[in-house]
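Student: Number 144 in this note's numbering belongs to position 140 of the sequence shown; there are no gaps in the numbering.
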Amino acid sequence: MQPAVAKATDHNRETPPAGQSTPQQNGAPRQQGGHALAGRSPSRQILLAEEWGQYVDLPKGFAVRERCKVRLVLLQIQLTTLGNLTPSSTVFFCCDMQERFRPAIKYFGDIISVGQRLLQGARILGIPVIVTEQYPKGLGSTVQEIVLTGVKLVLPKTKFSMVLPVVESALAEIPGVRSVVLFGVETYVCIQQTALELVGRGVEVHIVADATSSRSMMDRMFALERLARTGIIVTTSEAVLLQLVADKDHPKFKEIQNLIKASAPESGLLSKV
């Protein structure tokens, strides 16, 4: 049986912030709570509502508990889209895969191979790709193995993050962008700073662990752990490509399947397992 909803009393009512209208004032019917959080403790409701962090504009008489119920419903809606990659809402970011990094970056040959696989997948699925090169005058251009045919932008930079004004403008020109798939070097510098800036702008970030590395495995692994704790999605190239097609009946599935017939190299990632 569904637990009864506590009545709003004078001590547990909230008043909307000054100047904000309520659904009742706007002509919307007063909502009745009681089903969204059935069985959850009030303390857990409040915790989840605080994690959601959004004020829900409800009629003045609604209890704190009722507000928490509505907030959790919104949180659950958000979670249904978390990590749900689709080609129409995704952009690939390839960060600083340059020639001068070849002798210094751990497993550089492996991440080049995986990065090229991702770019092939992007071409097959029509996903825009943005490529940066860190100070190419001193560090060289993108390695020859990375084929840049059809990419949207190739940009030099000195800033560690890829989030340059021209990149922000390019993203704004692509309708419906929700997710960025990010890979390259170095994990704890340019990848990390790019990911944090994108998340700060409301973009969901997927970091491809097997296409991302650093000079130090310690820096690489701690960066991936830190990023995962912030809510950034740390994933693999095969997971990304299969999620983008989503169905064996997708018209491009066979082409993507051909890309992943050979498993991606482990590039030292299994040393933590």
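Note that CB positions come from ideal geometry on N, CA and C, so glycine has one too.
Thinking C-beta only, is T191 closer than 7 Å to R224?
Tutor: Yes, the pair counts as a contact, with Cβ atoms nearer than the cut-off.
Student: Is DSSP giving E208 helix, strand or coil here?
Tutor: strand
Student: By DSSP, does G188 sit in helix, in strand, or in coil?
Tutor: strand
Student: May I have the straight-line CA-CA distance separating K156 from V135, to the nearest angstrom?
Tutor: 8 Å
Student: What residue from I178, D251, P140 and E172 has the CA that sits closest to I131's CA?
Tutor: I178
Student: At which residues does the alpha helix (DSSP H) containing I128 begin and terminate?
Tutor: Note, I128: alpha helix (DSSP H), F112 to L129.
Student: Less than 6 Å separating the Cβ of A215 from some heavy atom of the ligand MG?
Tutor: Looking for the ligand MG in the displayed structure turns up nothing, as the structure carries no ligands at all.
Student: Does the region 171-190 come into contact with the region 114-125, if we say contact requires no fewer than three beta-carbon pairs (one atom in each stretch) closer than 8 Å?
Tutor: yes
Student: Quick one: complete alpha helix (DSSP H) runs, 4+ long, within the region 123-181?
Tutor: 140-143 and 169-177
Student: Across the region 233-249 and the region 257-265, are there enough close Cβ pairs to call them in contact, namely three or more that are closer than 8 Å?
Tutor: These segments touch.
Student: Give the DSSP-derived three-state secondary structure of T198 in the structure shown.
Tutor: helix
Student: Does DSSP classify D253 as helix, strand or coil?
Tutor: In the structure shown, D253 sits in coil (DSSP, three-state: anything other than H, G, I, E or B).
Student: Rank K110, A108, L152 and L86 by C-alpha distance to the C-alpha of F96 and give the top, closest one.
Tutor: L152
Student: With a Cβ-Cβ cutoff of 7 Å, do E103 and V147 count as a contact?
Tutor: Taking 7 Å as the Cβ cut-off, E103 and V147 qualify as a contacting pair.
Student: Would you mind stating whether V238 and I195 have Cβ atoms separated by less than 7 Å?
Tutor: no
Student: Counting only beta-carbon separations shorter than 7 Å, does D214 have a partner in chain D?
Tutor: Within the model displayed, chain D is absent; a lone protein chain is all it includes.
Student: On the three-state DSSP scale, how would you describe S271?
Tutor: coil
Student: To the nearest angstrom, how far is it from the Cα of E259 to the Cα of I128?
Tutor: 7 Å
Student: Could you tell me the boundaries of the alpha helix (DSSP H) in which F226 lies?
Tutor: M221 to R233
Student: Please state the DSSP three-state secondary structure of I260.
Tutor: helix
Student: What is the DSSP secondary structure of S183, counted as helix, strand or coil?
Tutor: strand
Student: What residue range does the beta strand (DSSP E) around V237 cover?
Tutor: The sequence shown places Ile at residue 237, not Val. Element bounds for I237: I237 to T239.
Student: So the beta strand (DSSP E) V95 belongs to, where does it begin and stop?
Tutor: T94 to C99
Student: Give me the Cα-Cα distance between L200 and K256, rounded to the nearest whole angstrom.
Tutor: 32 Å
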